[in-house]
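Chemist: Sharing a structure here in structure tokens format.
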Amino acid sequence: MEWTQIKLYTATPAIEIVSGYLISHGLRGLMIEDAEDFNDFLEDTTVHWDYIDDELMKLKECETAIVFYIPDNLQGLEMLGGIRNGIEALRNEAPEIDFGRLAFESEQIKEEDWETAWKKYYHPVRIGKHLVVCPCWEECELDDGD
């Protein structure tokens, strides 16, 4: 099955309102990209972490966006059309809130790309002298005596 990834650019103060609007139109599993939120995370000294992936560091300067996925079929296109038609009305309902540019960007995604992409992060791991944890899709070669 094919999917369409939609990125809706907005502003930090409007994240909750726009997210609520999308949820009310049947979307679930929204992903939020917000530089302000990420910078708050970096400045929080109560969190114990020692490494942040370089890919994540790009979030320091990203434009605020809400990412969601719709099926690449007629039903998905109708859903997106309804969202597009009503999203500008949010700006009129709350003129005191900065909604940003409310622009849409789309990208085609194949389900196969999601289905197995996570497997690349899991490989056989030796735990101690006699225990090896091996995912079922990986080949596990043991040394003599194991």
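So for the sequence shown, my numbering puts the first residue at 9; every next one is plus one.
Even glycine gets a Cβ: it sits at the ideal position worked out from N, Cα and C.
Because the structure is a prediction, the values reported are computed rather than measured.
1) From this set, 85, 110, 50, which residue's C-alpha is nearest residue 20's C-alpha?
2) Would you report the Cα separation of residue 150 and residue 39, rounded to the nearest angstrom?
3) May I ask which residues mark the beginning and end of the beta strand (DSSP E) holding residue 10?
4) So, helix, strand or coil for residue 23, using DSSP?
5) Would you kindly report the start and end of the unbroken beta strand (DSSP E) that includes residue 76?
6) Can you tell me whether residue 108 is buried or exposed? The criterion is at least 16 other CB atoms within 10 Å of its CB, across all chains shown.
7) Cβ-heavy atom distance between residue 59 and the ligand ZN below 8 Å?
8) Counting along the chain, where does the alpha helix (DSSP H) carrying residue 112 start and finish?
9) Are three or more beta carbon pairs between the region 67-76 and the region 10-29 nearer than 8 Å?
Modeler: On the basis of the supplied data:
1) For the purposes of this step, residue 20 is taken as the residue at position 12 of the sequence shown. Residue 20 has its Cα closest to that of 110, out of 85, 110, 50.
2) Against the sequence shown, residue 150 aligns to sequence position 142. Against the sequence shown, residue 39 aligns to sequence position 31. Going from the Cα of residue 150 to the Cα of residue 39 covers about 41 Å.
3) Taking the first residue of the sequence shown as 1, we reach residue 10 at position 2. Start and end: 10-17.
4) Taking the sequence shown and counting its residues from 1, the one referred to as residue 23 is at position 15. Here residue 23 sits in helix by DSSP.
5) As a working note, residue 76 is residue 68 in the sequence shown. Counting along the chain, the beta strand (DSSP E) containing residue 76 begins and ends at 73-79.
6) As a first step, residue 108 must be located in the sequence shown, where it is residue number 100. Buried: at least 16 other Cβ atoms inside 10 Å.
7) Judged by which ligands are present, the structure shown has none, so any question about the ligand ZN falls away.
8) Within the sequence shown, the letter at position 104 stands for residue 112. Going by DSSP, residue 112 is part of no alpha helix (DSSP H) but of the beta strand (DSSP E) stretching over 111-118.
9) yes
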